[in-house]
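Working notes, beginning with the structure itself.
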Ligand SMILES: [Zn+2]
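Numbering (the working numbering), first residue to last: 361 to 437.
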């Protein structure tokens with residue numbers, strides 16, 4: 361389940377809560393002063409959608425051009 365952050369408009373205390381997505385906007389009391397907190401924009405989806413880098417270090421290097429005799433796959437020299 362995603363982690364949501366809620367900021368208190370009264371004391372600025374940030375409360376983190378692990379909730380179901382359907383409960384994300386349900387009322388929640390500040391754990392510091394008890395006022396109703398407001399949900400912050402989550403970075404959860406942005407973090408999860410980042411493309412993986414360097415997954416194929418040999419990609420684009422022109423496999424077979426290294427002279428090792430293997431036209432396919434990475435060169436193990
Ligand atoms: Zn508060």
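The C-beta atom is built at its ideal place from N, Cα and C for all residues, glycine as well.
Item	Value
Closer than 8 Å: residue 395 CB and nearest ligand 1 heavy atom	yes
C-beta contact flag for residue 400 and residue 369 at 9 Å	no
Where residue 374 sits in the DSSP three-state scheme	strand
Euclidean distance between Cα positions of residue 430 and residue 374	57 Å
N-terminal and C-terminal residue of the beta strand (DSSP E) that residue 363 is part of	363–367
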